[in-house]
Structure formats: structure tokens, C-alpha cells
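This report refers to the structure that appears directly beneath it.
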Amino acid sequence: MEQPKLLSKAWASNGLKNDIPKERTDSIPKESATYSEGFPQITMTPISMGGKAPAGKDMNGILNELSAHTVFLNQGGIYKFNLAFANEIGGYSKGAILINDNYDKLFISLVDKNKTNFNTSSYEGKWSIVSGVDFFVPQTQKASTSIAGIVQLVDNLLSNANNMALAAKQGRELKRLIDGLGTPFQNFSATSSLNNTTNLNDLKGAGKYGVYSQSSNSNALTALNYPEQKAGALFVLPSAYQGIQLYVPFDNQIIYIRRTNQASGFENWRIIGEVIDNLNSDSKTAGLSARQGKLLNENKANKTEVMPLQQTSLSATDDLNDFRQNGIYSQTTSARASVERNYPEAAAGVLEVLYNGNFQRYTTFNSVCYQRDYRGGSWKDWKRVDSLGKVDRAGDTITGDLKVNKTLESSYRIQIVRNEERFVPYMNVRNEAIEADSNTTDRHMTDFNMQCLRGGAEKTKALIRSYLLSDKTSRVHFMASNASDQYQNNVVIHGTGNTTIGTSTDNKTDRLQVNGSISATTMTFKGVGSTWARAYFDIPDGGNWRLEFNPNSENDPRFNMAYTTKNNIQKYVAFPTINSNRETVAYQSWVTQQFTGAVCAFAMTTPPAGWLRCNGAAVSRTTYADLFQAIGTTFGAGNGSTTFNLPDLRGEFVRGFDDGRGVDSSRGFGSWQNDEIKEHKHQLKINGVAAGNVGPWEGALHTGSGKEYSTENFGGNETRPRNVALLYCIKY
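Numbering (this note's numbering), first residue to last: -13 to 718.
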């Protein structure tokens, strides 16, 4: 098949074009195209029938967007992952191929509805690389113990991978070392470098014996079980169980040793030739420092001075539960002070062990202090004992929550005092108190009482009271005091969703009940779902008025006024639909719309708004689309495509269309008729002819013969009734 023409430029790149929307909205013209419906029905309706022509800019916009994709593909483009587009289409389909953000790898989707971004997230099982720079074999073709394929070479002797191959160089080196070591060292490995992932706990047993080097401090992590974070050399030597390890840091100041135990694990690191500078250790292998020996010698004669406690550093693995010897211990790194090792919080600080190891006090570097004691064979919980964060009785600012855990008697108050004599505000909280004026013992309430004293005598007060009712619903009262210092139920919010004002009750139907009058600048009534928004007004005769609004007013803007009698008979004033037993008040726009095509005579020389002169003019079918739909081309087709003619009533009398009556049956609707006089006869009489005045009749006389004679004429050039000249106009 021959390759089609390649496109280098999108259609209408420099031309006028519209941006084509996905869906139709009320804000775009009726004839505009959308992706959801293409060109609308109105563009496929003949213009003579009220249709509208499609816009050329819409066509340019559609072809521009479609051809832009063709140009992109012709130029060798491949689409990138787009999360917004993926969400819009419900995810990429299985088999979709996209390119990454670096433009160096192609990915194929392994599943349908795929929204995983392979640029930023793990894509295992969702995408697979099919091509790219330095990548030419799919991952599924890599070799394993069961599948033949491409393998990666490893140039060291430390890997545990079973899908990689050893480089020939390392095989040769391995043979050389084995041959050179001899029988006593046949299990002893060659020197190897340690990376940043090898855990020293894994280097044990036959096959792991050897010498290893760590060249980076940053790789010697305690999380990988190094004794400290320093580069150095590791010796793994044969011994009981699975051997021992020696670690020599690069500065050679100390040597660490540890051994495997019967459970095939490692014991803690300890220092070879360790010297302890305190008197608190139980170690049987570490030596005592010369300074401590000097202090012991100075105190051997029962001297009265107390030997000072010496400070010892805490390591990353020390557990504070293990410190039962008096002393002072410092932790300089917050990362090592974890609650898992029984620190009170993860913060560096100083530990004091006192009273024969039965008391610990830990002070963080930001002065927060905790203490605990050892009783019954275990350490008790830490308790904070410093004054930081406490409220000063002389005055303080509380930035968090103030909680009172103990029950308060009714006479106790949390009092907030202003330093002004006239105003002393305070609040009284009473929780879980039985309602005083009720026999229902399972009804509970909580009071929030607010009072303001003035001069120690005058006072105002307000109360917010919440009830928990026996049916597990709640009720909240908002009350204010009157002039007699008595509370009044002003507003009650019920658990059913209703609100009452005054002494109204919860009938679980009306959302708002008011016993009294309401004065407000604005009141809002909301409809819920398909339920109309309603406002009720009760009247003394037992009936009520109701105002109601359609919640779907976007599509059906209706508003009704209804009166319901005490006998539940309803009478409506509905807008604007006419229904039985209802009167309708029409909107001006509705009234105006009804008279399109009507002809009226106006006692003025200029047409009013919404009207055109009946002068036979050709006008636009688009501008006056409603009028064109009403009268069509009855009075002329205009130019035959974009215009139509108005009726021409200048100087004319309007006659009613016969419409089958038979009085004017030869007429077509809207046709013009010339003037005409109804046929009639004239009678000639000769009265009182005198003798001698008789003359001969000119011409022959016989049946049917005669001669025309003219009567005397007078008047104008037409027959008409009395009339007044007014301006005929048509409603559009």
C-alpha cells in the first residue's frame, strides 16, 4: 500500500477557527458544533424552515484539532502519559503505548483502565518497557533459573542473585585465590568491597569467611549492624557456631569483636582492650581506667568526700531498662533515643541513675524532665516532672485545649475575670446531670451557662442546654433571661431536623415553627431534592397561607401561593401554568411571546418595541426567527434564502379570512384583493311627457334591443367607508 501524503502543518494553523467544546452549554450558540453531538440538528434544518447554517470557524476548529494529531504522528511523535486524560477516559486500554517524560523509553499497558503514572510511581504489573535507549530486549526475556535469555554480568563475588552471571575475570580471580590458599583456608573468601546495602549480620558461616573493606563512612550504618559509622575493614573468621567478626575502623583507634551464638545470631559488639572510666559496669572483660584506680586509692581511707559520678556515653543499642547502676549517662543523638529502647521521648539528653539503681531521671537537652522508679521487678512508666508547659497562676496564655478531668460540683465554675469592675464574665459547665423538671430519668443534659455581672448586682445571662433523649435523638435549647431573671425558651433545635422559636412543638414535619412574629431583612427557605421550598403562615381561622418554590427552577421556574382552609381545602394562585381551580398570573415575557405574528393598528407613526411596520419589507429570517416561524413566506419569500416579506397593509382595509365560510371563498390566506363595486341595475322612468315632445327612438326596435346611456357621474376614484388612517404593525 502506498504511503499517504505526510502533513507538515495543521489545517487552518493561521486561519480563523473556534475552540470546539466537548459538551453543549447554554452559553454557546445553538448552531455551534460540539464533540458530543457534532453539528446540531438546527444546522441540518432548511434555513427556510428556521434552520441555521453551520459556522466556518467551527469547521476550521474541528479540522485543526484533528489534523494537529496527524502532523504530530507524521513527525514521529508518541504520546506521553497524561493523568487528567487518563481519568477522563477511565484509564488507558491494555496495549496502549506511551513514551516517558525523558523521551528515552516506550511503555506498553498490560491492563485495561490503567491510571498508573510510570514516570512517578511503581508500574510493576501495570506497564512494561518495550523499547528505549540502551534497552532492546523486553523484561520478560531476561534469563532466570527456568527461562533462557539475556543475563547481566556481575564483576564481584558478593552477589546472591540467581539470575546474573559471574564475569570471567572474577572466575579467574576466584580460582587463583582457591589454589593459593590451600586446604586450611579452602572456605576462606577473597577480599571484597562492601556496598551500601550489605548487612553485616548476613556475613557468617562457610562461604562468607574472608576479609571485606568498607570505604565510605556513609555506608557504615548502624542499621546494617556496623559497630559505629566509620569506614574500615571487616574480618569474618571461622570459629564455633558460624564464626566471629572483627571490625577495625580506618582510624585504628579501637577494634570491635562479636561472635555468633547457638541461635545462629550475633551477640553485641564489644571493644577488644576496652577501658571503662566509671564504677558502674558489670563487665568481666573490660579494664578499669587508671583515673578510676587513683580515685579508689584516694578514698580507701574512708574519706568523707563523695566520689563524683562520671558521665558515660550511651550507644545506639543501649536500652535504658538495663541501667541499674548509679551513674550519669549522656545521649548526644536524638535519633538513638527511641521509645523502643525505653527513652521517655525521642530526644537527646542526660540519664541519672540513683538510689542503688532504683531511680532514673532523664532530662532532655531542651530541659524537659522525666523520672521513674524500679519496683516489683520492673520499671514503672515515665512521668514528666518539669514545670514546662504548666499554667502560671499569676497569669499565662493557653495555646491548646484546657481539659478538666474530674467532675465539678454545680457550685464550681471555670471563671474568666476581666480586670474591669463593671464586667465579670464567667461560664458554668454541668455535664451528665439529670433534668430537674422531668420524671424521665434516662434524659440527660449538658448546660453551658453564660453570665455577665455589672457592679455586682445587675446581671444578664444566657443558657445553651443540650438534651440526650430516650430515643437517642438530641435537642438543643438556646435561652435568654427576661427582666425577672427567668430563662425563656427562645430557639430549640430538634434532632429531627426541625427548629422551633417560642413555645412551638416538634411535629417532625415543619422545618421551622414560630410562635410570634419575625422581623428580618432577608429570610432564606431551601428546598431539598425534589421537595419544594415552602413558608407557612398560620391565620386565626385555622387555615394557613403557603408560599412554595420549585427546587428545579433552573428548568421549571414556578412559584405558587396557596391557601389551605381549616377543612384542608386548598386554593392556589399559580405562576404561570393554568390548572384546575387555579388562577394564573402571566409573566410579561410570557405574554410578549404569545402575540408573535399579531397585527395591530397604532395611533402613532413609529412602531413600539417588539413590532415592525406592515410595509412589505424583506427582513432577516435569523434576526426575526420567531416571526418567520409564525408566518413563513405567506407574504413573500424575500430573497429566497435569508429574508422573508412582511405583509404590506399601507392604505389597505383588512378583511377576515373566509376559512371555509363561503362568503369570500375564492381568496387565499394573506392574498391581496382589488377594489370592486357589486353589480346592480338602474331604472329609467319618463314621467309627464307633454304632447308634441314625443320623438322617435333612435334605432330599430325589437326584443332585446336598446342603447346605452350614461348617468351623471360624481365622487372619487374608489368606493370606501368612512375611516381613520393608523399605522399597521406586526409583532415579532
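Where is the CB? At the ideal position from N, CA and C, for every residue including glycine. Predicted model only: the values in this text are computed from it and were never measured.
Beta-carbon spacing of residue i, residue j below 7 angstroms
i: G739; j: F630; result: Outside the displayed span of the chain (-13 to 718) sits residue 739, for which this structure offers no information.
i: V336; j: S316; result: yes
i: V605; j: I716; result: no
i: I64; j: I94; result: no
i: Y341; j: P330; result: no
i: E704; j: D634; result: no
i: A217; j: V234; result: no
i: N181; j: N211; result: no
i: F67; j: N103; result: yes
i: S460; j: G481; result: yes
i: K16; j: I28; result: yes
i: G529; j: K557; result: no
i: R653; j: D644; result: yes
i: N328; j: L300; result: no
i: N266; j: G193; result: no
i: A332; j: T208; result: no
i: G37; j: T31; result: yes
Own chain partners of residue i with C-beta closer than 7 angstroms, once the 5 adjacent residues on each side are dropped
i: R607; result: I33, F614, T628, T629, F630
i: V57; result: L(-7), S(-6), K(-5), A(-4)
i: G118; result: D90, K91, L92
i: T591; result: L713
i: S250; result: Y227, Q228
i: D263; result: S275, R277, Q278, Q296
i: T169; result: For T169, the predicted structure reports a pLDDT of 46, less than 50, and the residue's modelled location is therefore unreliable. A value from the coordinates is still provided. Answer for T169: no residue qualifies.
i: N344; result: D359, Y360
i: S364; result: none
i: N187; result: N211, F252
i: F581; result: K717
Neighbour-count burial assignment, residue i, 16 or more Cβ in a 10 Å radius
i: Y21; result: exposed
i: G196; result: buried
i: Q172; result: For Q172, the pLDDT reaches just 46, beneath the cut-off of 50, and the residue's location in the model is therefore unreliable, although a value from the coordinates is still provided. The residue is exposed, with fewer than 16 neighbouring Cβ atoms inside 10 Å.
i: F655; result: exposed
i: I617; result: buried
i: N229; result: According to the sequence provided, residue 229 is Gly. The question's Asn does not apply to it. With 16 or more Cβ atoms within 10 Å of its Cβ, G229 is classed as buried.
i: T298; result: buried
i: K99; result: exposed
i: K671; result: exposed
i: P543; result: exposed
i: K190; result: buried
i: S108; result: exposed
i: W113; result: buried
i: V640; result: exposed
i: D304; result: buried
i: L52; result: exposed
i: E418; result: Only weak support is given to the placement of E418: the predicted model assigns it a pLDDT of 40, under 50, and the question is left unresolved by the model.
i: F309; result: buried
i: F351; result: exposed
i: P(-10); result: exposed
Residues of its chain near residue i, where Cβ-Cβ distance is below 6 angstroms and the 5 sequence neighbours each way are ignored
i: R244; result: Q231, F252, E253, W255
i: I346; result: Per the sequence shown, the amino acid found at residue 346 is Gln instead of Ile. Closer than 6 angstroms at Cβ, skipping near neighbours: V339, R358.
i: C355; result: T349, V371, D372
i: K101; result: A72, G77
Per DSSP, cross-strand counterpart(s) of residue i
i: L374; result: In the DSSP output, where bridge partners are listed per residue, L374 has none listed.
i: Q357; result: R347, K369
i: L232; result: F221, I243
i: E534; result: R520, N546
i: G313; result: V339
i: I83; result: I94
i: L449; result: N435, M465
i: C715; result: C586, R599
i: Q499; result: T486
i: I262; result: L274
i: S178; result: Y198
Residue i CB to nearest heavy atom of the ligand NAP below 6 angstroms
i: M150; result: Among the components of this structure there are no ligands whatsoever, and the ligand NAP is therefore not found.
Cβ-based neighbour list, residue i, same chain, cut-off 8 angstroms, excluding 5 preceding and 5 following
i: D719; result: Outside the shown range of the chain (-13 to 718) lies residue 719, about which nothing can therefore be said.
i: M150; result: V137, Q138, L139, V140
i: V462; result: I450, R451, S452, Y453, V478, I479
i: N60; result: L(-8), L(-7), S(-6)
Below-7 angstroms beta-carbon distance, residue i vs any chain D residue
i: N187; result: Although the question refers to chain D, the structure presented lacks it and comprises just one protein chain.
query: Do the segment -2 to 8 and the segment 46 to 54 meet, that is, are 3 or more Cβ pairs less than 8 angstroms apart?
result: yes
query: Given 8 angstroms as the limit, is there contact between the segment 318 to 326 and the segment 266 to 285, that is, 3 or more CB pairs closer than that?
result: no
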